[in-house]
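Counting along the sequence shown from 1, when you hit position 356 you're at 342 in my numbering, and nothing is skipped either side.
Right, one structure below, let's go through it.
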Amino acid sequence: MNTTIEFENKTKNLIDDLKSVCANYGLGNDGNEFKIITQVFLYKFMNDKFVYEIKQLDSNLMTTDDIEGAIASMNSNEYDLLNLQIDENTAVIKPEYFISSLFQRQNEANFDQIFDNALLGIAKDNSDIFSVITDGGEKIVLFENISKYVTDNRDAFCKALVNKIVNFSFEKIFNEKFDFFSTIFEYLIKDYNTNSGGKYAEYFTPHAVSKIMARCLVKGEVQNVSCYDPSAGSGTLLMNLAHQIGEDKCTIYSQDISQKSSNLLRLNLILNNLVHSIPNIVKGNTIKDPYHKENGQLRKFDFIVSNPPFKLDFSDYRDDLDSKENNERFFAGIPKIPNKKKESMAIYFMFIQHIMFTLKPKGKAAIVVPTGFITAQSGIGKKIRQKLVEEKMLAGVVTMPSNIFATTGTNVSVLFIDKENNEDVVLIDASNLGETIKEDGNQKTVLTHEEEEHIIKTFTAKEVVEDFSVVVSFDELKAKNYSMSAGQYFEIKIVYTDITEDQFQKKLESYENNLNELFENSKKLNNEIRNNLKNIKSGF
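As structure tokens, this is what we get:
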């Protein structure tokens, strides 16, 4: 077993151990369990990251067996000097908040308060960099006093958590890259980021779809670009995009109405060396109150990715959107409020229009949409497609296999926008790819690595592949009523087969005999029906 797999397994075991502690104290599958698991995991990660970074700055600490004890024994000047040099992705942690310090104080009275105070102290000391903000300007800090979620035996609960994390070390995995941490992140939140009936911001984009979107969007080297997701969820799309560009070459911006999702996105940023973007993570309603602005106007972005909620009841503020200042942003219109099933309002139309409006003049975007959107014959959907074609903003569409999202049966496609695209458009039908597996009781389609690469290569090279992809002009799209379904552009083939006159006569005779037999059977059936009707009448 190689080192990466070994530490991946150890990290997963740590997560399982923390879940076991929660279960033992009555918090298994509790609504607050994810807060405890993610915060304790993050506390451990940040503790080890701080110790690791300090060790790199002071060679004398490399050989000590008690690194945390050695740091704690430093005088204030030495400690402050090291803190000034520390990496920006690393939270500053006072020695009294070290896990080893808490471990040594387990026998003190009110240990639950000691534990909570350590978390709250770290949150306060790092508030300026590590806080998520709300659209109202409030700060959501790193940690809270998590012992409050246990009704009894709080000391014992907090001791159990410390005992699980004290003997584990993240030190050897800080040099791991994106693929490692994306796997760990997915394992960490897999029980807490499900689609709860289509609620806002509860979608989790499969890694394969995220990778395809990022790879098809980013072509060549880019520098100092802005990346935005207006419905970010836990950040899978943004992490893949940032990894493709280079974490040090981009700045992340996001907004999401869910505080839970915003906290998970912050955790994702910390794991992936994107701490510099945490101040741009906003909890708020993008459609009603978009937060990110520049000079009083909505900020424009270089790259936008999004897997927005498809349907949602936004009737409470629907009429507020129908205003003069929103006319340009929502150019194609706003769905009307239905008399029934208000939860079926197509809010994804609003996100597509918002994304088109907030792209820079040379911007690019990739959006997950219901496949029905790409062929709708009228309404808001068609108006959006019409603008994409007539203003030559469409780069391509990839129709994904059904059930690629285990939590929804909706067939999806990925819409690619490129404001610089003056060339033809590539349409891909990948609906027949993938293999079906069962995951958590749901049928799910999974793409193989080779299939992912096939989609990416075909899209980026704009290749024509029989029954898989076509390359069409904007005029052809107009002629097909702006349809973006690859299947409608596939060439219809007529296959001719050589046949002799004798073979033709035999086939004709065979058809004639079959037809005569069907006629005879039909007569018999008619007679049987008539006789049955006579018998019924005679019985009355």
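Every residue gets a Cβ at the ideal spot worked out from N, C-alpha and C, and that includes glycine.
None of the values given here were measured: they were computed from a predicted structure.
(message) Please state the DSSP three-state secondary structure of G183.
(response) Here the question's residue 183 lines up with position 197 in the sequence shown. Only weak support exists for where G183 lies, its pLDDT of 37 falling under 50; the value from the coordinates is given anyway. If DSSP states are grouped into helix, strand and coil, G183 belongs with coil.
(message) Does Q241 come out as helix, strand or coil in the three-state DSSP assignment?
(response) Numbered from 1 along the sequence shown, position 255 holds the residue referred to as residue 241. The answer is strand: DSSP assigns Q241 an E or B state.
(request) Give me the Cα-Cα distance between H229 and F454, rounded to the nearest whole angstrom. (result) Mapped onto the sequence shown, residue 229 falls at position 243. Mapped onto the sequence shown, residue 454 falls at position 468. Taking the Cα positions, H229 is about 28 Å away from F454.
(message) If contacts are defined as beta-carbon pairs under 8 Å, then S248 and V118 qualify, I think. What distance do you get, rounded to the angstrom?
(response) Counted from its first residue, the sequence shown places residue 248 at position 262. Counted from its first residue, the sequence shown places residue 118 at position 132. About 5 Å; that satisfies the 8 Å criterion.
(request) Identify, in the order they occur along the chain, each residue of the same chain with its Cβ nearer than 6 Å to the Cβ of Q92, setting aside the five sequence neighbours on each side. (result) Looking up residue 92 in the sequence shown gives position 106. Only K145 meet the Cβ criterion.
(message) Starting from V456, trace the beta strand (DSSP E) in both directions and tell me its first and last residue.
(response) Looking up residue 456 in the sequence shown gives position 470. Residues S455 to V458.
(message) Only counting the same chain, and skipping five residues up and downstream in sequence, which positions put a Cβ closer than 6 Å to that of I320?
(response) In the sequence shown, residue 320 corresponds to position 334, counting from 1. So the list reads L307 and D308, once near-sequence residues are dropped.
(message) Quick check on this structure: which residue in K297, G221, V458 and L251 has the alpha carbon closest to the alpha carbon of S330?
(response) Reading the sequence shown from its first residue, position 344 is the one you call residue 330. Nearest option by C-alpha distance: K297.
(request) Give a yes or no on whether the C-beta atoms belonging to G382 and L413 are separated by under 8 Å. (result) Taking the sequence shown and counting its residues from 1, the one referred to as residue 382 is at position 396. Taking the sequence shown and counting its residues from 1, the one referred to as residue 413 is at position 427. Between G382 and L413, the gap from beta carbon to beta carbon is short of 8 Å.
(message) Using the Cβ count rule (16 or more neighbours within 10 Å means buried), how would you classify V136?
(response) For this step, residue 136 is matched to residue 150 along the sequence shown. Burial check for V136: the Cβ neighbour count within 10 Å reaches 16 or more, so the residue is buried.
(message) Just verifying my parser: in three-state terms, what is the DSSP assignment at S44?
(response) Taking the first residue of the sequence shown as 1, we reach residue 44 at position 58. Note that residue 44 is Asp in the sequence shown here, rather than Ser. DSSP places D44 outside both helix and strand once states are collapsed to three, so it counts as coil.
(request) Let me know if F505 comes out buried or exposed under the rule of 16 or more other beta-carbons within 10 Å of its beta-carbon. (result) Residue mapping note: residue 505 aligns to position 519 of the sequence shown, counting from 1. With fewer than 16 neighbouring CB atoms inside 10 Å of its own CB, F505 falls in the exposed class.
(message) Let me confirm a value: V37 is counted as buried when at least 16 other C-beta atoms fall within 10 Å, else exposed. Which label applies?
(response) Here residue 37 refers to the residue found at position 51 of the sequence shown. Looking at its Cβ environment, which holds 16 or more other Cβ atoms inside 10 Å, V37 is buried.
(message) Judging by CA-CA distance, which residue of N521, E503 and F27 is the nearest neighbour of I256?
(response) On the sequence shown, residue 256 is found 270 positions in, with the first residue counted as 1. It is F27 whose Cα lies nearest to the Cα of I256.
(request) Would you kindly report the start and end of the unbroken beta strand (DSSP E) that includes G367? (result) The residue you call residue 367 lines up with position 381 of the sequence shown. That residue, G367, is in no beta strand (DSSP E); its alpha helix (DSSP H) goes G365 to E376.
(message) Does V152 come out as helix, strand or coil in the three-state DSSP assignment?
(response) For the purposes of this step, residue 152 is identified with residue 166 of the sequence shown, where counting begins at 1. Of the three classes helix, strand and coil, the one that applies to V152 here is coil, per DSSP.
(request) Keeping to the same chain, check which residues put their C-beta closer than 6 Å to that of A362; ignore five residues upstream and five downstream. (result) Within the sequence shown, residue 362 is the residue found at index 376, counting from 1. These residues qualify, in order along the chain: K368.
(message) Just to confirm the assignment, what range does the alpha helix (DSSP H) spanning G55 have?
(response) As a first step, residue 55 must be located in the sequence shown, where it is residue number 69. Here the alpha helix (DSSP H) through G55 covers I53 to A58.
(message) Less than 8 Å between the C-beta atoms of I366 and I353, yes or no?
(response) Walking along the sequence shown from the start, residue 366 turns up at place 380. Walking along the sequence shown from the start, residue 353 turns up at place 367. By the CB criterion at 8 Å, I366 and I353 fall outside the cutoff.
(request) Let me know the alpha helix (DSSP H) ranges lying completely inside the stretch 324 to 366, each 4 residues or longer, listed in chain order. (result) The alpha helix (DSSP H) runs of length 4 or more contained entirely in the stretch 324 to 366 are, from start to end of the chain, 334 to 343.
(message) Let's see if you can read the secondary structure: which residues bound the beta strand (DSSP E) around A95?
(response) One-based indexing of the sequence shown puts residue 95 at position 109. Careful: A95 lies outside any beta strand (DSSP E) and carries neither H nor E.
(message) For the pair the stretch 8 to 27 and the stretch 145 to 154, tell me if three or more CB-CB distances fall below 8 Å.
(response) With contact defined as three or more Cβ pairs closer than 8 Å, the stretch 8 to 27 and the stretch 145 to 154 are in contact.
(request) Taking all protein chains shown into account, decide if I370 is buried (16 or more other Cβ within 10 angstroms of its Cβ) or exposed. (result) Indexing the sequence shown from 1 puts residue 370 at position 384. Label assigned to I370: buried.
(message) On the criterion of 16 or more Cβ atoms from any shown chain inside 10 Å, does N15 qualify as buried, or is it exposed?
(response) Here residue 15 corresponds to residue number 29 of the sequence shown, with the count starting at 1. So N15 counts as exposed.
(message) Considering just the uninterrupted stretch of the beta strand (DSSP E) at S117, what are its terminal residues?
(response) Here residue 117 corresponds to residue number 131 of the sequence shown, with the count starting at 1. Run containing S117: none; DSSP gives neither H nor E here.
(message) Rounded to the nearest angstrom, what separates T222 and K80 at their Cα positions?
(response) On the sequence shown, residue 222 is found 236 positions in, with the first residue counted as 1. On the sequence shown, residue 80 is found 94 positions in, with the first residue counted as 1. When rounded, the distance between both Cα atoms is 32 Å.
(request) Please classify L463: does DSSP put it in a helix, a strand, or coil? (result) The residue you call residue 463 lines up with position 477 of the sequence shown. In the three-state DSSP reduction, L463 falls in the helix class (H, G or I).
(message) Is it the case that the stretch 158 to 176 contacts the stretch 396 to 404, given that we only count it when at least three CB pairs across the two stretches are under 8 Å?
(response) Taking one beta carbon from each stretch, the stretch 396 to 404 and the stretch 158 to 176 have fewer than 3 pairs nearer than 8 Å; the two do not touch.
(message) If you measure between the beta carbons of P192 and I360, is that distance less than 8 Å?
(response) As a working mapping, residue 192 is identified with position 206 in the sequence shown. As a working mapping, residue 360 is identified with position 374 in the sequence shown. In this structure, P192 keeps its C-beta atom at 8 Å or more from the C-beta atom of I360.
(message) Quick check: what's the CA-CA separation for S459 versus N271?
(response) In the sequence shown, residue 459 corresponds to position 473, counting from 1. In the sequence shown, residue 271 corresponds to position 285, counting from 1. In this structure, the alpha-carbon of S459 lies about 37 Å from that of N271.
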